[in-house]
Every structure is written in structure tokens, then in C-alpha cells.
Amino acid sequence: MARRFVSLLDAAPGGSWRDIGCGTGAVTQAVLDLAEPETVVGIDPSPGYVQYARRTVTDPRAHFALADAVNLPFADATASVAVSGLVLNFVPDPPRAAAEMVRAVRPGGLVAAYVWDFEGGGMETIRAFWDAASALDPDARALDEAVRFPLCGRAPMRELLVGAGLEDVEVDAIGVPTRFSGFDDFWQPFLGGQGPAPAYVASLPQERRAELRERLRSTLPRAADGSIELRARAWAARGRRTA
335 MARRFVSLLD AAPGGSWRDI GCGTGAVTQA VLDLAEPETV VGIDPSPGYV
385 QYARRTVTDP RAHFALADAV NLPFADATAS VAVSGLVLNF VPDPPRAAAE
435 MVRAVRPGGL VAAYVWDFEG GGMETIRAFW DAASALDPDA RALDEAVRFP
485 LCGRAPMREL LVGAGLEDVE VDAIGVPTRF SGFDDFWQPF LGGQGPAPAY
535 VASLPQERRA ELRERLRSTL PRAADGSIEL RARAWAARGR RTA
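In C-alpha cells:
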């Protein structure tokens, strides 16, 4: 998805990029591979993510630092492009984060971000999980990303960038297939304990966990070979700082 996002931007070669909420460095690596930047600086508030990105993204054009999205450590108008991947819905103040990204880029510079389409059900894996969980436990609906993250839709993302003062704002859907070899391949990630859905599974007693697993097993679409073909969709929004 990061590579699809960077390709969509069609940014001019060169320039200095900022990756806000860089996480593991996936977007930074996509920028390095596809956009021919002079430099990329990724920031994240997690020391673990910053350390991981430094170990795995070894291109000398890339640098990583600890920082928060709502207080970027960059001088005004010093970047060509500022991007953020799968982060803004987790930021306590998305409008401030968007304003900080705008502040950091030069007049005419590009600001872009993408989030999963939780609002429209574009994350079919997650949608299937919460539909099954809510059918068994009405209280589970409050944990659903579609409820918790109202930013994750086409209109909210457009409003966020327009509200930050950007011009020529566009929002596009980008999607990738998510294929699971079988039900166990689908179910295993939900046992990791991290994220809303895995944390919910971890909170269930064994009997209720088994009930949820079997409901999912019975409702997911299966190909003849037992594989499960789903889709993941994100909304990618971009605009330019007023010249």
C-alpha cells in the first residue's frame, strides 16, 4: 500500500521529504525506491519504531528521529513533501498534525496522507471480524474502528486537508488484495494481542473466543482450495500549500 500511495503522488524527483509517524519505515522506503528524493526524514514518537526503521532502512538519504506529529521538529517551509501513512486517525489532534505538515513544507509543496477505509468497510478483514464479534456481543461495536475512527473516510480526509489550508485537494481510493491460504492463516493475526481486534480476542474467555472463531469460519467466503480472498482499501488525500 505504501508503494501505491507514493506512486499516486507523482512528485517531482529530488527535494526533501518528511514522513510523519514513520513506524517501521515502510513509507520512507517506498519514497526512496520510487520518488528519487534527496533526503527523507521520518519521525515517530515510539523509540522501538525509530530503532527498527534505522536498522532496516539503510539508505544514507534516510534519517529517523523521535518526535510527535503535533509538534514537528522542522523549521517552517523547509520540506518539498510531507507524507503520513496510516497514522492520522491515531493522533489525538489530527487538524493540528495536518497544520504542522503544512507548516513544514514550502509554498507550493505537497502534503499527503492515507488511512484505512474503516468508515466504508474497505478493510474487509476487519469488517468481517467486527460484524461477527458484534453479532455475538453488542458491546463489541464500541471497539470497532469504524466507530472509533470517524476520520477514516473520503469526506473526512478531504475536510481535514482543506481545513489545513491546502489547495487542489484530491482524495483517491487505493486498494490491494489480501489473500489468506486458509482460515488458520486468517485467524492467527487476531491472536497477537496488539490492536483493537486482537486485544478484544485476548480479553475473551476461551469458550467465547472459540464461538467467535467458529462464527467467522462459517461466514467468510472460501474458494475451492480453501483460500480466502478479501480486499484492503485506503483513502489517499493530497493537496498543495498555497504558493
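Mapping of the sequence shown onto this note's numbering: position 23 corresponds to residue 357, and the numbering continues sequentially without gaps. Idealized CB from N, CA, C, for every residue including glycine. Quick caveat: nothing in here was measured; it's all calculated off a predicted structure.
Beta carbon of residue i, beta carbon of residue j: below 7 Å?
i	j	result
L546	A480	no
R388	F398	yes
V449	M435	no
A577	G442	yes
T373	R395	yes
W464	D478	yes
R572	E504	yes
V340	A369	yes
A570	D502	no
V417	D471	no
S552	S515	no
G487	E453	yes
A336	G419	yes
L485	P426	no
Applying the 10 Å Cβ sphere with the 16-neighbour rule, what's the burial state of residue i?
i	result
R363	In the sequence as presented, Arg is not what sits at residue 363; that position holds Gln. Per the 10 Å Cβ criterion, buried.
V510	exposed
D451	buried
L550	buried
R475	exposed
L500	buried
P539	exposed
S380	exposed
G349	buried
G529	exposed
P347	exposed
In the DSSP output, what is residue i paired with across the bridge?
i	result
A346	According to DSSP, which records beta bridges pairwise, A346 is partnered with nothing at all.
M335	According to DSSP, which records beta bridges pairwise, M335 is partnered with nothing at all.
I377	I354 and A399
W450	A568
S418	A447
L504	According to the sequence displayed, residue 504 carries Glu and not Leu. DSSP output for E504 lists R572 as bridge partner(s).
M457	A566
V510	A566
V439	A413
N423	The partner list for N423 (beta bridge, DSSP) is empty, contrary to what the question assumes.
Hey, out of the options, whose CA is closest to residue i's CA?
i	options	result
D559	E504, F517, R440 and S350	F517
L406	A476, D344 and A438	A438
R565	R549, L538 and I508	I508
A531	V505, G442 and R482	R482
A568	P394, P523, M457 and V535	M457
P358	R352, V391 and P428	Residue identity differs from the one stated: residue 358 is Thr in this sequence, not Pro. Answer by Cα proximity: V391.
S414	G499, A345 and V505	A345
R556	R430, A536, R574 and F520	F520
A432	G355, T459 and L368	G355
L554	R513, L525, A536 and P539	R513
V421	G349, P523, L366 and D378	D378
L495	S380, L538, R430 and D402	R430
G382	E548, G526 and L400	L400
F424	L366, L343, A403 and V375	A403
I460	V535, F408, G376 and M491	V535
V365	L343, A489, A409 and D427	L343
R542	Y386, L485 and A469	A469
E563	G526, A462, G529 and G527	A462
R578	P428, A447 and P426	This structure cannot speak to residue 578, because the chain is shown only from 335 to 577.
A492	R574, F408 and A409	Position check: residue 492 holds Arg in this sequence, whereas Ala was assumed. Selected option, being the one with the closest Cα: R574.
> What are the complete beta strand (DSSP E) segments, minimum 3 residues, inside the region 473-500?
Replying inline: none
> For the region 512-570, which segments carrying the alpha helix (DSSP H) assignment without a break, of at least 4 residues, lie completely within its bounds, in sequence order?
Replying inline: 517-521, 530-537 and 540-553
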